[in-house]
Amino acid sequence: MDQTISKAESAILHTYNRYDLVLEKGDGAYLYDTDGKAYLDFGSGIGVSSLGYGNKTLQSALKKQIDQLIHTSNLYYHEPLAQAAEKLKTISGMDRVFFANSGTEAIEGALKTARKYAKQKGNSACEIISMEHSFHGRSMGALSVTGTESYREPFEPLVGGVKFAIFNDLESVKEQVTEKTGAILLEPVQGEGGVFVAEQSFLQGLRTLCEEKGILLIFDEIQCGMGRTGSMFAWQGYGVQPDILVMAKAIGNGVPVGAFAMKEEVAQNSLKPGDHGTTYGGNPLACQAVSTVIDLFTEQKLAEHVRRLTPYLEEKLDTLLAKYDLFTGRRGKGFMQGLITSCPAGKIVEAAKQEGLLLVTAGAQVVRFLPPLIITEKEIDEMTEKLERALVRVC
Ligand SMILES: *Cc1c(COP(=O)(O)O)cnc(C)c1O
Numbered sequence: 249m250d251q252t253i254s255k256a257e258s259a260i261l262h263t264y265n266r267y268d269l270v271l272e273k274g275d276g277a278y279l280y281d282t283d284g285k286a287y288l289d290f291g292s293g294i295g296v297s298s299l300g301y302g303n304k305t306l307q308s309a310l311k312k313q314i315d316q317l318i319h320t321s322n323l324y325y326h327e328p329l330a331q332a333a334e335k336l337k338t339i340s341g342m343d344r345v346f347f348a349n350s351g352t353e354a355i356e357g358a359l360k361t362a363r364k365y366a367k368q369k370g371n372s373a374c375e376i377i378s379m380e381h382s383f384h385g386r387s388m389g390a391l392s393v394t395g396t397e398s399y400r401e402p403f404e405p406l407v408g409g410v411k412f413a414i415f416n417d418l419e420s421v422k423e424q425v426t427e428k429t430g431a432i433l434l435e436p437v438q439g440e441g442g443v444f445v446a447e448q449s450f451l452q453g454l455r456t457l458c459e460e461k462g463i464l465l466i467f468d469e470i471q472c473g474m475g476r477t478g479s480m481f482a483w484q485g486y487g488v489q490p491d492i493l494v495m496a497k498a499i500g501n502g503v504p505v506g507a508f509a510m511k512e513e514v515a516q517n518s519l520k521p522g523d524h525g526t527t528y529g530g531n532p533l534a535c536q537a538v539s540t541v542i543d544l545f546t547e548q549k550l551a552e553h554v555r556r557l558t559p560y561l562e563e564k565l566d567t568l569l570a571k572y573d574l575f576t577g578r579r580g581k582g583f584m585q586g587l588i589t590s591c592p593a594g595k596i597v598e599a600a601k602q603e604g605l606l607l608v609t610a611g612a613q614v615v616r617f618l619p620p621l622i623i624t625e626k627e628i629d630e631m632t633e634k635l636e637r638a639l640v641r642v643c
């Protein structure tokens with residue numbers, strides 16, 4: 249393991265502080281390091297591997313696609329594209345889909361869509377209102393709408409015309425709205441910023457506000473979408489539909505892919521041929537992944553499984569909250585949960601790793617739980633046992 253780490257560290261740009269762990273393979277909800285030690289994965293590679301590891305159906309579909317055709321460019325059509333787009337349209341409740349290569353790129357596309365739409369409607373400013381504690385990605389555009397100042401500051405000047413409002417505070421959004429406002433962007437459940445769950449009345453209020461003022465409502469469901477909160481997309485759980493929906497992470501279960509989708513009216517008044525593109529966005533391999541992942545989600549009724557097991561997971565987390573003083577609260581929806589801690593979250597995650605449990609942080613004070621959606625009650629029990637053993641050793 250040490251050799252791999254030093255080899256990697258001598259050649260890669262040091263932008264990540266990684267854990268001392270070299271992973272080799274995965275199976276179900278478990279990952280294995282190069283010594284063969286098993287880790288119960290409650291991070292899913294940051295909400296990506298929702299089907300778990302080593303899914304045979306997905307693997308064989310991808311292998312078959314690799315043998316057949318990996319890339320065509322977007323100059324041509326291919327069957328996986330038609331299938332993935334049709335299926336994503338159906339499950340997302342949107343009308344038109346664009347495939348990108350990552351979440352960040354999908355956000356960029358959504359921002360461009362909003363800009364073009366506003367211009368078309370005579371609003372040439374198209375200001376965007378985003379939320380504090382939000383995370384939308386690291387490119388210049390996505391960073392401009394990300395609500396953490398320390399991420400933005402070193403890279404200013406960024407894309408202009410962005411204002412930040414307070415999440416779950418409708419009045420703070422209303423205060424920022426002017427005739428220049430073109431779109432409101434938010435995660436229905438904020439992930440990186442600390443696992444903050446939108447209140448029903450907040451999303452409903454935003455929807456009404458957007459109707460009244462002709463503003464586009466954009467949901468970034470890159471992390472909270474695809475079954476994670478107990479419905480295929482979080483908006484469906486709230487019954488509040490966005491005009492533009494941004495997806496990535498779990499839609500490819502590890503194959504890099506992102507997508508943004510929109511209602512027909514938005515499509516008709518925004519991006520036209522020549523306005524947007526990508527060389528391999530929506531290539532046959534990525535589309536085969538999306539298409540097969542959607543089939544598996546539907547067949548395995550994963551959103552329903554999340555809804556059924558959420559009370560059990562929440563009960564276990566609440567037990568930990570009651571038992572350990574270092575936990576001061578819990579926030580979350582479905583299989584996207586956070587325990588707020590008075591001790592550095594990174595220390596807890598590090599100790600858990602040593603016990604064979606992988607977790608992620610969400611800021612300095614939140615331990616985040618993003619298990620594969622296939623986990624069982626038994627694995628939830630195992631998670632709590634391992635976490636308790638880790639807690640004994642920290643803080
Ligand atoms: C991960 C994430 C992104 C960025 O996606 P990448 O695939 O890393 O580019 C954007 N928004 C949210 C909510 C995310 O969780």
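Numbered continuously in the working numbering, the sequence shown closes out at residue 643.
Ideal placement from N, C-alpha and C gives every residue a C-beta, glycine not left out.
Treat the numbers as computed from the prediction; the structure is a model and nothing was measured.
Taking the C-beta atoms as reference points, residue 562 is found no nearer than 9 Å to residue 586. Distances taken from the Cβ of residue 536 to the heavy atoms of ligand 1 include none shorter than 8 Å.
Counted as a single uninterrupted DSSP element, the stretch harbouring residue 281 is not any alpha helix (DSSP H) but the beta strand (DSSP E) occupying residues 278–281.
Within the same chain, Cβ atoms closer than 6 Å to the Cβ of residue 590 are found at 574, 576, the five residues on either side in sequence being excluded. Relative to the non-hydrogen atoms of ligand 1, the Cβ of residue 446 never comes closer than 8 Å to any of them. Taking the Cα positions, residue 273 is about 40 Å away from residue 511. In this structure, ligand 1 has no non-hydrogen atom nearer than 8 Å to the beta-carbon of residue 289.
Taken in chain order, the complete beta strand (DSSP E) segments of 3 or more residues contained in the segment 414–443 are 429–434. Along the segment 285–317, the beta strand (DSSP E) occurs as fully enclosed runs of 3 or more residues at 286–289, listed in sequence order. Remark: the shortest separation between the CB of residue 523 and any heavy atom of ligand 1 does not fall under 8 Å.
Between the segment 488–499 and the segment 466–478, the count of C-beta pairs closer than 8 Å reaches three or more; the two stretches touch. For residue 494, the shortest separation between its Cβ and any heavy atom of ligand 1 lies below 8 Å. Set against 8 Å, the gap from the CB of residue 350 to the closest heavy atom of ligand 1 is smaller. Residue 395 sits buried, since 16 or more C-beta atoms from the chains shown fall within 10 Å of its C-beta.
Selection 391, 413, 416, 420 evaluated against residue 406 yields 391 as nearest (Cα-Cα). Under DSSP, residue 320 shares a beta bridge with no residue.
Restricting attention to 520, 328, 398, 509, the CA atom closest to the CA of residue 441 is found in 398. When secondary structure is reduced to three states using DSSP, residue 272 falls in the strand class. Non-local beta-carbon contacts of residue 597 in its own chain, meaning distances under 6 Å to residues more than five positions away in sequence, involve 607, 609 in chain order. Comparing C-alpha distances from residue 584 to each of 539, 302, 536, 469 shows the shortest one belongs to 469. Between the alpha carbons of residue 308 and residue 318 lies a distance of about 14 Å. Under the three-state reduction of DSSP, residue 496 is assigned to coil, being neither helix nor strand. Judged by the Cβ position, residue 295 qualifies as a neighbour of ligand 1 at the 8 Å threshold, a heavy atom of the ligand being closer than this. In the displayed model, residue 474 falls within coil according to three-state DSSP, outside both helix and strand. For residue 388, the uninterrupted alpha helix (DSSP H) run begins and ends at 388–392, by DSSP.
For residue 466, DSSP records a beta bridge to 433, 492. Taking every protein chain shown into account, the CB of residue 501 has 16 or more other CB atoms within 10 angstroms, so this residue is buried. Using a cutoff of 8 Å, the CB of residue 471 counts as near ligand 1, since one of the ligand's heavy atoms is closer than that. Counting along the chain, the unbroken alpha helix (DSSP H) around residue 633 starts and ends at 625–641. Residues 574, 591 of the same chain have their beta carbon placed closer than 6 Å to that of residue 643, with the five preceding and five following residues left out of the count. With 16 or more other Cβ atoms from the protein chains shown falling within 10 Å of its own Cβ, residue 313 counts as buried. Not one heavy atom of ligand 1 is found less than 8 Å from the C-beta of residue 380.
Taken through DSSP and simplified to helix, strand or coil, residue 545 comes out as helix. Under a 10 Å Cβ-count criterion, residue 264 is classified as exposed, with fewer than 16 other Cβ atoms of the shown protein chains found around its own Cβ.
Inclusion of residue 355 in the 8 Å shell around ligand 1 follows from its C-beta lying nearer than that to a non-hydrogen atom of the ligand. In the three-state reduction of the DSSP assignment, residue 266 falls in the coil class, being assigned neither a helical nor a strand state.
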